[in-house]
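Enquirer: One structure is given below, represented as structure tokens, and several questions about it will come after.
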Amino acid sequence: MKIAVTGGRGRIGHAITEGALAKGHGVINIDRIAPGQPPAPNRDPFPVLSGDVTYVTADVDDYDALVEAFSGCEAVIHMAAIPAPFHHPDHVVHNNNVVGSYNALRAAVENRILRVCQASSVNAIGLSFSREPHFDYFPIDEKHPPYNEEPYGLSKWICEAQADSFARRYEDMRIASMRFHLVAADRDAAAKVFHEETVEQAKHLWAYTRTDAAVDACLLSLEADFKGHEVFYIVAPDTTLETPTMELAARFFADVRVRRKLSGNKSFFTSAKAEKVLGWKHKRAKKPRGSAPR
Amino acid sequence: MRIAITGGSGSVGRTIVAETMRQGHSAINIDRVAPPEPQPDVPFVAAEMSDYEALVRAFAGCDAVIHMAAIPAPGHHPDHVVHNNNAVGSYNALRAAAENGIRRICQASSVNATGHSYSRAPRYDYFPLDEHHPTYNEDPYSLSKWICELQADSVVRRYADMVIASMRFHWVVPTRDLPAANIDRPGAPKSLWAYTLHGAAARACLLSLTAPFTGHEVFYIVAPETVHPRPSLELAREFYPLVPVIGDLGGHNSFFSSRKAETMLGWRHED
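Residue numbers (my numbering), protein chains in the order written: chain A, 31 to 324; chain B, 24 to 294.
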């Protein structure tokens with residue numbers, strides 16, 4: 031099918047474009063950064079891909095440009111967003127993201143596109159960017175209430191509320207909101223970021239999402255059999271640490287109820303819903319355990 | 024108190040400006056357009072709600088903000104214009120208040136936050152409606168009002184001393200005449216024959232700036248009775264036979280309960 035990918039020149043968007051092309055899909059790759067340009071200062075640009083891919087330069091706040099870019103597509107994967115708070119003023123982060131997600135959803139409707147996948151985040155409920163974590167229970171699933179307190183997490187919680195509203199109005203639409211954690215090439219790369227057993231790193235719950243697993247999930251969500259809008263945790267089944275998860279829970283989150291024993295270094299998040307509904311699996315790392323750099 | 028009022032040139036905003044002055048406060052009217060009638064002693068600041076820096080400047084020195092500026096309905100602008108204008112405006116107003124250390128905020132939400140007049144066929148789980156009712160909004164205006172409440176939830180988690188009241192007004196009118204003249208229009212049953220009087224809306228806003236509560240609270244601010252001559256239970260049976268009635272819909276009682284506002288704000292619809 032023909033898939034419009036917003037944020038297509040970002041890390042995840044580029045990988046999705048590659049993955050979609052490899053599966054024989056066509057891609058309209060949309061980003062505000064020109065093709066072949068670095069996605070951010072001090073970053074290397076991603077190569078311009080060949081094959082059934084068209085590069086469109088547009089800002090997601092330009093609704094009419096999105097409507098035009100989505101034309102002829104059967105699905106939209108909306109990844110474009112400011113990916114964290116604090117690098118821009120709060121209102122810029124929030125406004126950019128909630129306008130972008132609304133525009134993407136509405137421009138899909140305008141083009142009668144029925145399948146949409148959008149990047150939400152584990153931060154929708156408040157996590158990495160909160161002053162203190164606030165978890166009601168482990169493992170965290172899609173029913174956990176939100177405690178977001180900064181503009182990025184809020185914007186991701188709002189993109190899900192937007193999707194709820196669209197799915198009610200346009201009953202044939204299928205929208206998947208993907209709650210990714212730190213998207214990294216592999217567990218070793220994630221372990222370079224999250225390897226300290228400290229209060230500060232505990233906020234992140236030492237979790238990650240491998241890039242290829244994120245790509246798989248997005249593409250599967252466009253064809254999976256579900257109705258309306260669904261939210262999915264898309265997180266690796268293990269942590270970046272070797273320390274047993276129950277030990278970490280006892281040490282850092284003594285007050286948080288553990289509803290199901292987390293054996294070994296199982297993740298604090300459960301992605302069981304994505305496994306069941308999307309037929310997705312975050313495949314285990316190929317390398318043997320213990321190879322993560324310290 | 025010195026109160027910044029956004030949308031102070033609009034129909035509800037003008038009443039709030041007048042009530043603010045009548046109660047001896049001072050007011051600043053911040054709006055895209057100047058008020059149609061002069062507002063004596065009320066400085067006017069021309070600003071778009073999308074202009075965050077302008078709001079930060081306009082709120083400086085104020086003790087409270089009443090944020091009313093919004094596109095008040097879907098259908099007259101493209102969907103994305105309605106949603107984006109309103110969701111950006113409410114975030115900017117809340118964040119600009121935080122930037123100025125302003126702790127008391129009142130914002131216009133709407134009975135539509137849960138899906139109501141602008142839904143194809145509104146879904147009600149029970150009557151009378153209260154603040155626990157889930158949302159089934161499906162249009163950009165109603166969604167934007169639901170979102171302004173989510174924004175307020177998030178802002179008070181971050182700024183623990185901020186107090187925010189989200190006011191779910193119904194159709195705000197100067198008298199009952201207009202809604203009363205509309206009871207037989209097609210689509211009238213969707214409105215549940217409800218309304219909010221201008222003065223009652225304005226008094227609720229001002230009460231919400233001093234009432235003793237913490238964090239963010241949502242309040243229905245709706246007249247206690249319908250404008251329909253027929254008893255409410257009869258209307259419920261005819262138009263919503265499947266919706267359970269779990270509270271007092273006796274007489275002409277409204278399909279909305281504003282009891283929370285009565286209890287927490289000490290507000291009554293009637294003056």
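C-beta: ideal position from N, C-alpha, C; glycine also.
From the DSSP output, which residues share a beta bridge with A/C147?
Expert: As a working mapping, residue 147 of chain A is identified with position 117 in the first sequence. Partner(s): A/I107 and A/A206.
Enquirer: Would the beta-carbon of A/S297 fall within 8 Å of that of A/P267?
Expert: Residue mapping note: residue 297 of chain A aligns to position 267 of the first sequence, counting from 1. Residue mapping note: residue 267 of chain A aligns to position 237 of the first sequence, counting from 1. Yes, these two residues count as a Cβ contact at 8 Å.
Enquirer: Whose C-alpha, out of B/P97, B/G112 and B/H106, is nearest the C-alpha of B/E76?
Expert: One-based indexing of the second sequence puts residue 76 of chain B at position 53. Per the Cα distances, B/G112.
Enquirer: For the region 115-140 of chain B, which segments carrying the beta strand (DSSP E) assignment without a break, of at least 3 residues, lie completely within its bounds, in sequence order?
Expert: Counting only runs of 3 or more, we get 127-131.
Enquirer: Drop a sphere of 10 angstroms on the beta-carbon of B/F236, count the other beta-carbons inside from all chains shown, and report buried for 16 or more, exposed for fewer.
Expert: Numbered from its first residue, the second sequence carries residue 236 of chain B at position 213. Label assigned to B/F236: exposed.
Enquirer: Looking at the secondary structure, which residues open and close the beta strand (DSSP E) in which B/I39 lies?
Expert: One-based indexing of the second sequence puts residue 39 of chain B at position 16. No beta strand (DSSP E) contains B/I39, which is instead part of the alpha helix (DSSP H) from S34 to R45.
Enquirer: Considering only residues of the same chain and omitting the five flanking positions on each side of B/Y182, which have a CB-CB separation below 7 Å?
Expert: Numbered from its first residue, the second sequence carries residue 182 of chain B at position 159. Once the five neighbours on either side are set aside, the close Cβ partners of B/Y182 are A121.
Enquirer: How about A/R41 and A/P65: are their beta carbons less than 8 Å apart?
Expert: Position 11 of the first sequence holds residue 41 of chain A. Position 35 of the first sequence holds residue 65 of chain A. In this structure, A/P65 does not lie closer than 8 Å to A/R41 by Cβ.
Enquirer: Which residues in chain A have a C-beta closer than 8 Å to the C-beta of B/Y164? List them in chain order.
Expert: As a first step, residue 164 of chain B is located in the second sequence; it is residue number 141 there, counting from the start. Ordered by position in chain A, no residue passes the 8 Å Cβ test against B/Y164, which lies about 11 Å from the chain.
Enquirer: From B/L232 to B/Y141, what distance separates their C-alpha atoms?
Expert: Translated into the one-based positions of the second sequence, residue 232 of chain B becomes position 209. Translated into the one-based positions of the second sequence, residue 141 of chain B becomes position 118. Answer to the nearest angstrom: the Cα atoms are 30 Å apart.
Enquirer: Could you check which residue in B/S133, B/D162, B/A70 and B/A175 has the C-alpha nearest to that of B/H100?
Expert: In the second sequence, the residue the question calls residue 100 of chain B occupies position 77. That would be B/D162, whose Cα lies nearest to the Cα of B/H100.
Enquirer: Between B/I206 and B/W194, is the Cβ-Cβ spacing less than 8 Å?
Expert: Mapped onto the second sequence, residue 206 of chain B falls at position 183. Mapped onto the second sequence, residue 194 of chain B falls at position 171. No, these two residues do not count as a Cβ contact at 8 Å.
Enquirer: Short of 6 Å in beta carbon distance, which residues of its chain neighbour B/N108, apart from the five on each side in sequence? Order them along the chain.
Expert: By one-based count along the second sequence, residue 108 of chain B stands at place 85. Closer than 6 Å at the Cβ level, and outside the excluded window around B/N108, lie I94.
Enquirer: Contact defined as beta carbons within less than 8 Å: I believe B/A116 pairs with B/V88. What is the distance between those atoms, to the nearest angstrom?
Expert: Working through the second sequence from its first residue, we reach residue 116 of chain B at position 93. Working through the second sequence from its first residue, we reach residue 88 of chain B at position 65. Between B/V88 and B/A116 the Cβ distance is about 6 Å, and since that is below 8 Å, they are a contact.
Enquirer: Fully enclosed by the region 31-101 of chain A, which beta strand (DSSP E) runs are 3 residues long or longer?
Expert: Segments of the beta strand (DSSP E) lying fully in the region 31-101 of chain A: 32-36, 56-61 and 83-87.
Enquirer: B/T286: buried (16+ other C-beta within 10 angstroms of its C-beta) or exposed?
Expert: Counting from 1 along the second sequence, the entry for residue 286 of chain B is found at position 263. Classification of B/T286: exposed, given that the 10 Å Cβ count is below 16.
Enquirer: Does any CB atom of chain B fall closer than 8 Å to the CB of A/H108?
Expert: Counting from one through the first sequence, the residue named residue 108 of chain A turns up at place 78. Output row for A/H108: interface = no.
Enquirer: Within 8 Å of any Cβ in chain A, is that where the Cβ of B/L258 sits?
Expert: Along the second sequence, read from residue 1 onward, the residue named residue 258 of chain B stands at position 235. No - not a single Cβ of chain A is within 8 Å of the one on B/L258.
Enquirer: Rounded to whole angstroms, what's the CA-CA distance from B/Y147 to B/A83? Just pull it up for me.
Expert: The count along the second sequence starts at 1 and reaches residue 147 of chain B at position 124. The count along the second sequence starts at 1 and reaches residue 83 of chain B at position 60. The straight-line gap from Cα to Cα measures roughly 42 Å.
Enquirer: Given that B/W169 touches chain A, what residues does it touch there, using C-beta distances under 7 Å?
Expert: Position 146 of the second sequence, counted from the start, is the residue given in the question as residue 169 of chain B. The contacting residues are A191.
Enquirer: Put A/N141 into one of helix, strand or coil per three-state DSSP.
Expert: The residue labelled residue 141 of chain A in the question sits at position 111 within the first sequence. Correct three-state label for A/N141: coil.
Enquirer: For B/I269, count neighbouring C-beta atoms within 10 Å of its own C-beta (all shown protein chains included) and say buried if the count is 16 or more, exposed if not.
Expert: Position 246 of the second sequence, counted from the first residue, corresponds to residue 269 of chain B. So B/I269 counts as exposed.
Enquirer: May I ask you to list the residues that DSSP assigns as paired with B/M190?
Expert: As a working mapping, residue 190 of chain B is identified with position 167 in the second sequence. Looking at the DSSP assignment, B/M190 forms a beta bridge with B/A131 and B/F242.
Enquirer: Give the single residue among B/L288, B/G289 and B/I244 whose Cα lies nearest to the Cα of B/S277.
Expert: Along the second sequence, one-based indexing puts residue 277 of chain B at 254. Comparing Cα positions, the closest option is B/I244.
Enquirer: Report the three-state DSSP secondary structure of A/K296 (helix, strand or coil).
Expert: For this step, residue 296 of chain A is matched to residue 266 along the first sequence. Three-state DSSP puts A/K296 in a strand.
Enquirer: Count the CB pairs spanning the region 126-146 of chain B and the region 136-146 of chain A that are closer than 8 Å, and state whether there are at least three.
Expert: With a cut-off of 8 Å, the region 136-146 of chain A and the region 126-146 of chain B do not count as touching, because too few Cβ pairs lie within range.
Enquirer: Contact between the region 92-104 of chain A and the region 113-124 of chain A is defined here as three or more beta-carbon pairs at a separation below 8 Å; is this criterion met?
Expert: The answer is no - the region 113-124 of chain A does not touch the region 92-104 of chain A, with fewer than three Cβ pairs under 8 Å.
Enquirer: Taking the alpha carbon of A/A215 as the reference point, which residue from A/S80, A/V245, A/H234 and A/R209 has its own alpha carbon closest?
Expert: Locating residue 215 of chain A in the first sequence gives position 185, where the first residue counts as 1. That would be A/V245, whose Cα lies nearest to the Cα of A/A215.
Enquirer: Using a C-beta cutoff of 8 Å, does A/S158 count as contacting chain B?
Expert: Along the first sequence, read from residue 1 onward, the residue named residue 158 of chain A stands at position 128. It does not: the Cβ of A/S158 has no partner Cβ on chain B nearer than 8 Å.
Enquirer: Which residue comes first and which comes last in the beta strand (DSSP E) that contains B/T29?
Expert: The count along the second sequence starts at 1 and reaches residue 29 of chain B at position 6. Segment R25 to T29, the beta strand (DSSP E) holding B/T29.
Enquirer: Taking 8 Å as the threshold (beta carbon to beta carbon), is A/H327 in contact with chain B?
Expert: One cannot answer for residue 327 of chain A here, as it falls past the ends of chain A, which runs 31 to 324.
Enquirer: If the criterion is Cβ atoms closer than 8 Å, does the pair A/N153 and A/N178 meet it?
Expert: Counting from one through the first sequence, the residue named residue 153 of chain A turns up at place 123. Counting from one through the first sequence, the residue named residue 178 of chain A turns up at place 148. In contact: A/N153 and A/N178 (Cβ atoms closer than 8 Å).
Enquirer: Note down the Cα distance separating A/D91 from A/T36, rounded to an integer number of angstroms.
Expert: As a working mapping, residue 91 of chain A is identified with position 61 in the first sequence. As a working mapping, residue 36 of chain A is identified with position 6 in the first sequence. Answer to the nearest angstrom: the Cα atoms are 12 Å apart.
Enquirer: Can you have a look at A/D166 and say buried or exposed, based on whether 16 or more other CB atoms are within 10 angstroms of its CB?
Expert: Numbered from 1 along the first sequence, position 136 holds the residue referred to as residue 166 of chain A. Exposed, by the Cβ-count rule.
Enquirer: Along the beta strand (DSSP E) that carries B/S49, what are the first and last residues, could you check?
Expert: In the second sequence, counting from the first residue as 1, residue 49 of chain B sits at position 26. Its beta strand (DSSP E) spans residues S49 to D54.
Enquirer: Do the region 287-306 of chain A and the region 251-271 of chain A meet, that is, are 3 or more Cβ pairs less than 8 Å apart?
Expert: Short answer: they touch.
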